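So the sequence lines, in the order shown, correspond to chains E and U.
Counting the first sequence from 1 gives a position; the working numbering is that position plus 455.
Counting the second sequence from 1 gives a position; the working numbering is that position plus 602.
C-beta atoms are modelled at their ideal positions from N, C-alpha and C, and glycine is treated no differently.
Computed from a prediction, not measured in an experiment: that's the story for all the values here.
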Amino acid sequence: MAHLFFGYFAGMIAITSVLVVALRNPVYSALSLLVMFFHVAGLYVTLHAEFLAAVQVIVYAGAILVLYLFVVMLLNVKRDDRYHSQWRIAAFICIPLSIEFLVLLSGDFGAAHREPASLPVEPLASDNTLAIGQTLFSTYLFPFEVASLILLVAMVGAIVLAKRDISENEAKNMNRVSGAQ
Amino acid sequence: MTVPVSYYVILSAIVFLTGVVGVLIRRNIIAILLSVELMLNATNINFVAFSDHLQDLSGQVFVFFALTVAAAEVAVGLAIIIALHRSKSTINVEEFNLLKW
């Protein structure tokens with residue numbers, strides 16, 4: 456049963472992620488990314504990470520993807536050629552990466568086949584949200600604060616970058632001053 | 603009957619490679635940012651799979667931080683795209699050669 460669920464989610468994730476890259480229209484790419492986010496959330500549920508599944512749906516599918524779609528609609532991009540002229544260099548980089556990935560996963564020395572280290576394994580708490588909250592606010596309290604700072608800086612930076620009026624108003628004022636003289 | 607962790611690693615490697623290919627070959631800058639999202643999700647799948655495998659919650663907390671960084675990256679990246687589109691009125695990466703020597 457677990458294999459069945461994993462097969463479905465993995466297949467859908469692989470197909471939709473290829474579609475994100477292969478589709479020509481950015482709106483369709485974003486929509487297939489949406490489908491992929493939902494299936495990743497389903498995969499998290501099968502991995503006993505229910506809280507992260509909810510966060511994945513809310514933040515990724517709800518906030519980030521809506522932002523992407525908003526920008527795609529705002530810019531009103533026409534379809535253009537899909538791949539740029541440096542695809543030979545891209546292939547030159549990607550082929551060694553793929554070979555490396557195959558070698559890592561096929562051999563006996565691969566990281567995937569190694570047994571887990573002899574850590575003191577205790578079963579995870581049944582209440583996933585409670586356990587994550589306790590870990591986040593005790594062990595990872597300082598990184599949590601740093602994350603909030605990152606969000607603040609990103610918010611200020613996005614406003615400064617995308618706001619049109621800041622530089623234009625200054626130019627207008629300059630023109631007015633020079634016109635008065 | 604649990605799924606072995608190697609399957610998750612393979613799935614995440616496939617998604618990550620797809621993201622790398624997308625970043626390298628697409629010419630629409632929005633598609634490039636979407637491919638970066640693919641790569642971030644691939645690492646998140648790995649984190650959660652190993653968190654379940656090793657019965658350690660730290661992996662899930664790190665997914666949390668990766669999500670924060672992804673949100674910040676999207677906000678700043680899209681703001682840059684809007685600013686670029688305003689000055690060049692295109693989102694084709696081959697037109698953006700201002701910093702090229």
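Straight-line Cα distance separating E:TYR595 from E:ALA477: When rounded, the distance between both Cα atoms is 39 Å.
8 Å Cβ cutoff, E:ARG543 in contact with chain U: False, the Cβ-Cβ gap to chain U never drops below 8 Å.
CB contact below 8 Å: U:THR645 versus chain A: Here chain A cannot be found, since the structure's protein chains are E and U.
Coarse secondary structure for U:ARG628, derived from DSSP in three states: DSSP places U:ARG628 in the strand class (E or B) of the three-state scheme.
Residues bridged to U:ASN699 [DSSP beta-bridge criterion]: U:ASN699 pairs with nothing; no bridge assigned.
Separation of E:VAL608 from E:TRP542, as counted between CA atoms: Rounded to whole angstroms, E:TRP542 to E:VAL608 spans 35 Å at the Cα level.
Contacts of U:PHE698 in chain E (Cβ-Cβ under 7 Å): The contacting residues do not exist; U:PHE698 stays about 11 Å from chain E at best.
Spatial neighbours of U:MET641 in its chain, beta-carbon cut-off 6 Å, leaving aside the 5 residues before and after: Excluding positions up to five away in sequence, the list reads PHE618 and GLY621.
DSSP state of U:ASN648 mapped onto helix, strand, coil: Helix.
Cβ pair U:ALA615, E:VAL514 closer than 8 Å: No; because the gap between Cβ atoms is not below 8 Å, this pair is not in contact.
Simplified DSSP state of E:ASN431, which is helix, strand or coil: Since the first and last residues shown for chain E are 456 and 636, residue 431 of chain E lies out of range.
Three CB pairs or more closer than 8 Å across the region 672-690 of chain U and the region 518-530 of chain E: Judged by Cβ distances under 8 Å, the region 672-690 of chain U makes contact with the region 518-530 of chain E, as three or more pairs qualify.
Counted within 10 angstroms of its Cβ, other Cβ atoms place U:TYR610 as buried (16 or more) or exposed: U:TYR610 comes out buried.
Proximity below 8 Å, CB of U:VAL665 to CB of U:PHE652: Result no, Cβ atoms of U:VAL665 and U:PHE652 do not sit closer than 8 Å.
Cβ of U:ASN630 within 8 Å of any chain E Cβ: Yes, contact with chain E.
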